[in-house]
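**Student:** Submitted below is the structure of interest, expressed as structure tokens.
Protein chains in written order, with the working numbering: chain A, 76 to 285; chain B, 1477 to 2151.
As structure tokens, then:
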């Protein structure tokens, strides 16, 4: 379908004014919302993610595409809910206590949303107790933790331990990421998954809850 | 004969076993069994003791007991009057079933061991005023108390100042994270305290009557021993002590014929078969914590798989006329006829009366249990109950006597069975063993008549029927053995039941010599199977062969549990954590927290503290010649940039010792001098 292809292309260009208009057009043409999401927005965002991973795109370009995605989603979301489309999953993200970095975490959030996840962003400098509260009230499938400093990495273990103490560790998967974080670190602190970049984070989340 | 004689006792669900061992010579001197008396366990113990060789009693220097009391009380939902004080807990942080006995008070700590909010001791005082007159035991749990026990200890002190009721803290039972498990375990423990106190008091009376004076040890669920005086506060640690003692006993009994360090231990009882592992000389423990009934506890106990299959399991036909073994326990026909020879006449009559051969319940008999009755039984039920008093009757006899339809009678007897007013008898694996000649204690003719009736009904030859039954039992046991062996490698053992290939593979490999599609499927276990329990020698050799290994049945396999109880040792294991904290190092220990600038200094201090802690605990548990081993594990992570960051250090101490023998109190008058 030509219009869906066009949504994908404009999204890759980061045309955040055009994308919502095209989404509306597609809705008017009676294309099912789920199809607009998967073959238009998500298809476009998948390509953006791929290119980003291969270093063909830079972070600002991805952020603009993500913004276009969000603009499209704002139109589409009520229709999706109306149609009862099942989302890919629910994810809570946040940067751990003592760490004020948010670009990486935001990017993960946007790409997750682009992949059809419902994303709840707790922001930056989030204490362990906040993560526990959010998991209790939101009941997500995945918790994504971000840390960009070597000094805040140990906080990730504290979040995992806080989930264990609250007796809710088994109810979800925990993913960790951020520049200094490694696969081995993730394993050592009892997380379920690690992703080196935002695009792979989406893959990992799909795999973990698959 | 050496001076040290140990008395081992296992109070099981069906039998109470007792054994006397010369601990120096490692020789069994005497053993006995008596039925377990559920209402008063001390009676069963006393009966078993009376069957032992009394000559050795004055020389007994150690008594050790394993018991299913804690497990059974929890499963049966026995409740006492207890009070749980939960510090800093939310309303979702404990099982809702225990709501009525729980008080939530402000306090608790953070993951770093910092105070989350100030402890409200005034609230505790108010709670104590309203509870101390009616409560039998207190449980105190704090949020993150395993990172800082301070609040739990403060509340405990306050309770001890104002009442003499037992009070036990969450961190004293386990240092595992998980506030929900902690509260569950501590509360269940509180319920068990008055129950274990009663047991200890009554068994001590029994020993006194028999003039046995020696320290009393109780087996824990990990197989180690603990002095009765310590277990009084932490009875929950005795859950699964019976199976754990069995594994230790099995190893001990085999030591004369060569050391066994790794094995699958299969304990076949009357009702169930328990499967556990011996790994590096110790029972393999479940790292998550034992599950009892519907409760998930944090008690590290033996990992055990139980299947509803035993010598007395009912062999029946399901709706589609397929042979089924278990799960119900009944009286073997061979045993019923042994006690009531007239059963044979009736079986012969049924066998000869061809008109009955299409009946499914031909081999079933019922007999009344004890003298109990129940208000409000209908006239037919009353009649049946009277008729089967002291003489078992078949369905046909009941039909003849009552002149009622078989379906009406079946409905009544199943109700009476459920109310434990009558017990059913029929064909069981024990009867099959009488026919194959492996086991011959009771009436072989009755067994054969019963099984032949089943054969005729199924239009199947005797040898074919026996083979089918063996296959069904081998498959049930074989799959559980594989599941427990694979539990470390396969995340969900469900796969073995659901996967089509797995199922095919199991069917093929558990049928001797079967081969399909040109593939020979074969399982080959590295370790041997140790069989314990009375029917073990009958079932296990063939199963072991199918699993590509051998079965070893120790000579005293029937009392392995009691042997294990008295030959085990005291083992106290405890962890201590050092974590990064504000540029330095924080130490989290069951005795409290500490802070150090330097990791080395923190480590030295930790080792010192932990060594002292486990040493004292082992001593209190009744050990002597205590040896303490310390292990340390440091965890560092390397960042993408190549920096090293400290994650945590775990120090583990293990104190081991043999139980101190001989009682401190003087021997009773009239008994010989034991020195």
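Here a beta-carbon is modelled for each residue, glycine too, at the ideal position from N, C-alpha and C.
Being a predicted model, the structure only gives us computed values, none of them experimental.
According to DSSP, is residue 1899 (chain B) helix, strand or coil?
**Tutor:** Mapped onto the second chain, residue 1899 (chain B) falls at position 423. DSSP places residue 1899 (chain B) in strand when its eight states are reduced to three.
**Student:** Can you list, in chain order, the stretches of the alpha helix (DSSP H) that have 4 or more residues and sit fully within the region 179-219 of chain A?
**Tutor:** Here the runs fully enclosed are 203-213.
**Student:** Out of B:1611, B:2052, B:2031, state which residue places its alpha-carbon closest to the alpha-carbon of residue 2084 (chain B).
**Tutor:** Numbered from 1 along the second chain, position 608 holds the residue referred to as residue 2084 (chain B). Measuring from the Cα of residue 2084 (chain B), the nearest candidate turns out to be B:2052.
**Student:** Return the bridge partner residues of residue 1767 (chain B) from the DSSP annotation.
**Tutor:** Translated into the one-based positions of the second chain, residue 1767 (chain B) becomes position 291. Its beta-bridge partners are B:1772.
**Student:** For the beta strand (DSSP E) holding residue 2065 (chain B), just list the boundary residues, first then last.
**Tutor:** Position 589 of the second chain, counting from 1, holds the residue named residue 2065 (chain B). Here the beta strand (DSSP E) through residue 2065 (chain B) covers 2060-2065.
**Student:** Tell me which residues of the region 1631-1659 of chain B have at least one Cβ-Cβ distance to chain A shorter than 8 Å, keeping chain order.
**Tutor:** Per Cβ criterion, the list reads 1653, 1654, 1655, 1656, 1657.
**Student:** Within 9 Å of any Cβ in chain B, is that where the Cβ of residue 242 (chain A) sits?
**Tutor:** Position 167 of the first chain holds residue 242 (chain A). Cβ-Cβ to chain B under 9 Å: yes for residue 242 (chain A).
**Student:** For the region 200-220 of chain A, list every residue whose C-beta sits within 9 Å of some C-beta in chain B, in sequence order.
**Tutor:** Within the region 200-220 of chain A, the qualifying residues are 202, 203, 204, 211.
**Student:** Can you name the residues of chain A whose CB is closer than 7 Å to the CB of residue 1583 (chain B)?
**Tutor:** Taking the first residue of the second chain as 1, we reach residue 1583 (chain B) at position 107. Those within 7 Å of residue 1583 (chain B) in chain A number zero; the least Cβ separation is about 15 Å.
**Student:** For residue 1633 (chain B), is the classification buried or exposed, using 16 other Cβ atoms within 10 angstroms of its Cβ as the cut-off for buried?
**Tutor:** Counting from one through the second chain, the residue named residue 1633 (chain B) turns up at place 157. Counting Cβ neighbours within 10 Å, residue 1633 (chain B) comes out exposed, since fewer than 16 surround it.
**Student:** Work out the CA separation of residue 269 (chain A) and residue 251 (chain A) for me, nearest whole Å.
**Tutor:** Along the first chain, one-based indexing puts residue 251 (chain A) at 176. Along the first chain, one-based indexing puts residue 269 (chain A) at 194. Cα-Cα distance, rounded: 5 Å.
**Student:** Compute the beta-carbon to beta-carbon distance between residue 1823 (chain B) and residue 1926 (chain B), rounded to the nearest angstrom, for a pair I have assumed lies under 8 Å.
**Tutor:** Start at 1 with the first residue of the second chain, and residue 1823 (chain B) comes out as number 347. Start at 1 with the first residue of the second chain, and residue 1926 (chain B) comes out as number 450. Contact holds; Cβ gap of about 6 Å.
**Student:** Taking all protein chains shown into account, decide if residue 1962 (chain B) is buried (16 or more other Cβ within 10 angstroms of its Cβ) or exposed.
**Tutor:** What you label residue 1962 (chain B) is simply residue 486 of the second chain in a count that begins at 1. Counting Cβ neighbours within 10 Å, residue 1962 (chain B) comes out exposed, since fewer than 16 surround it.
**Student:** When the Cα atoms are used, what is the spatial distance from residue 2149 (chain B) to residue 2138 (chain B)?
**Tutor:** As a first step, residue 2149 (chain B) must be located in the second chain, where it is residue number 673. As a first step, residue 2138 (chain B) must be located in the second chain, where it is residue number 662. Only weak support is given to the placement of residue 2149 (chain B): the predicted model assigns it a pLDDT of 33, under 50, and the value that follows is read from those uncertain coordinates. Straight-line Cα distance between these residues: approximately 12 Å.
**Student:** Would you mind working out which of B:2049, B:1692, B:1761, B:1890 sits nearest residue 1648 (chain B), comparing C-alpha positions?
**Tutor:** Taking the second chain and counting its residues from 1, the one referred to as residue 1648 (chain B) is at position 172. Among B:2049, B:1692, B:1761, B:1890, the Cα nearest to that of residue 1648 (chain B) is on B:2049.
**Student:** Name the one or two DSSP bridge partners that residue 2114 (chain B) has.
**Tutor:** Here residue 2114 (chain B) refers to the residue found at position 638 of the second chain. Partner(s): B:2120.
**Student:** Within 9 Å of any Cβ in chain B, is that where the Cβ of residue 266 (chain A) sits?
**Tutor:** Here residue 266 (chain A) is taken as the residue at index 191 of the first chain, counted from 1. Judged by the 9 Å Cβ criterion, residue 266 (chain A) is not in contact with chain B.
**Student:** Looking at chain A, is there any beta carbon in it that lies within less than 9 Å of the beta carbon of residue 2071 (chain B)?
**Tutor:** In the second chain, counting from the first residue as 1, residue 2071 (chain B) sits at position 595. Residue 2071 (chain B) does not count as touching chain A.
**Student:** Do you know offhand how far residue 1778 (chain B)'s Cα is from residue 244 (chain A)'s?
**Tutor:** The sequence position of residue 1778 (chain B) within the second chain is 302, counting from 1. The sequence position of residue 244 (chain A) within the first chain is 169, counting from 1. Going from the Cα of residue 1778 (chain B) to the Cα of residue 244 (chain A) covers about 24 Å.
**Student:** Can you list, in chain order, the residues of its chain with a C-beta nearer than 6 Å to that of residue 1635 (chain B)? Leave out the 5 residues immediately preceding and following it.
**Tutor:** Within the second chain, the letter at position 159 stands for residue 1635 (chain B). Cβ within range, chain order: 1614, 1643.
**Student:** Measure the CB-CB distance between residue 1740 (chain B) and residue 1959 (chain B) and report whether it falls below 9 Å.
**Tutor:** Position 264 of the second chain, counted from the start, is the residue given in the question as residue 1740 (chain B). Position 483 of the second chain, counted from the start, is the residue given in the question as residue 1959 (chain B). Contact flag unset, no.
**Student:** Tell me whether residue 2068 (chain B) sits in a helix, a strand or coil according to DSSP, three-state version.
**Tutor:** Taking the first residue of the second chain as position 1, residue 2068 (chain B) is located at position 592. Strand at residue 2068 (chain B).
**Student:** By the DSSP assignment, the alpha helix (DSSP H) with residue 90 (chain A) in it spans what residues?
**Tutor:** Here residue 90 (chain A) refers to the residue found at position 15 when the first chain is read from its first residue. Segment: none, residue 90 (chain A) is in no alpha helix (DSSP H) and carries neither H nor E.
**Student:** Could you check if residue 134 (chain A) is buried or exposed, using at least 16 other CB atoms within 10 Å of its CB as the buried criterion?
**Tutor:** As a first step, residue 134 (chain A) is located in the first chain; it is residue number 59 there, counting from the start. Residue 134 (chain A) should be labelled exposed.
**Student:** Kindly list the residues whose CB is nearer than 6 Å to the CB of residue 2113 (chain B), restricted to its own chain and excluding five residues on each side of it in sequence; keep chain order.
**Tutor:** Residue 2113 (chain B) sits at position 637 when you count from the first residue of the second chain. Hits under 6 Å: 2121, 2123.
**Student:** Sorted by chain position, which residues of the same chain lie with C-beta nearer than 8 Å to residue 120 (chain A)'s C-beta, five sequence neighbours on each side aside?
**Tutor:** Taking the first chain and counting its residues from 1, the one referred to as residue 120 (chain A) is at position 45. 86, 140, 141, 144, 186, 189, 190.
**Student:** Tell me, to the nearest whole angstrom, how far the beta carbon of residue 194 (chain A) is from that of residue 168 (chain A); I am working on the premise that it is less than 8 Å.
**Tutor:** Sequence index remark: in the first chain, residue 194 (chain A) carries index 119 (1-based). Sequence index remark: in the first chain, residue 168 (chain A) carries index 93 (1-based). About 6 Å separates the two Cβ atoms, so the contact holds.
**Student:** From what residue to what residue does the beta strand (DSSP E) around residue 170 (chain A) run?
**Tutor:** What you label residue 170 (chain A) is simply residue 95 of the first chain in a count that begins at 1. Residue 170 (chain A) -> beta strand (DSSP E) spans 164-170.
**Student:** Once you ignore the five residues that flank residue 1665 (chain B) on each side, which residues in its own chain have a CB closer than 7 Å to its CB?
**Tutor:** As a working note, residue 1665 (chain B) is residue 189 in the second chain. Cβ within range, chain order: 1615, 1644, 1649, 1710, 1711, 1712.
**Student:** Taking its Cβ as the centre, do 16 or more other Cβ atoms sit within 10 Å of residue 1714 (chain B), making it buried, or is it exposed?
**Tutor:** Counting from 1 along the second chain, the entry for residue 1714 (chain B) is found at position 238. Under this definition residue 1714 (chain B) is a buried residue.
**Student:** Pull the bridge partners of residue 1543 (chain B) from the DSSP assignment, please.
**Tutor:** Along the second chain, one-based indexing puts residue 1543 (chain B) at 67. In the DSSP output, where bridge partners are listed per residue, residue 1543 (chain B) has B:1487.
**Student:** Mapping the DSSP letters down to three states, classify residue 1759 (chain B) as helix, strand or coil.
**Tutor:** On the second chain, residue 1759 (chain B) is found 283 positions in, with the first residue counted as 1. Residue state, collapsed to three classes: strand.
**Student:** Pick out whichever of A:203, A:108, A:183 has its Cα sitting closest to the Cα of residue 1590 (chain B).
**Tutor:** Along the second chain, read from residue 1 onward, the residue named residue 1590 (chain B) stands at position 114. Taking only the C-alpha atoms, the option nearest residue 1590 (chain B) is A:203.
**Student:** Quick check on the DSSP output: the alpha helix (DSSP H) that includes residue 1702 (chain B) runs from which residue to which?
**Tutor:** Against the second chain, residue 1702 (chain B) aligns to sequence position 226. Segment 1701-1703 is the beta strand (DSSP E) holding residue 1702 (chain B); no alpha helix (DSSP H) there.
**Student:** What residue from B:1965, B:1667, B:1562 has the CA that sits closest to residue 1585 (chain B)'s CA?
**Tutor:** As a working note, residue 1585 (chain B) is residue 109 in the second chain. Taking only the C-alpha atoms, the option nearest residue 1585 (chain B) is B:1562.
**Student:** Write down every uninterrupted run of the beta strand (DSSP E) in the region 1633-1720 of chain B whose length is 3 residues or greater and which is fully enclosed by it, in chain order.
**Tutor:** You should have 1643-1645, 1692-1695, 1701-1703.
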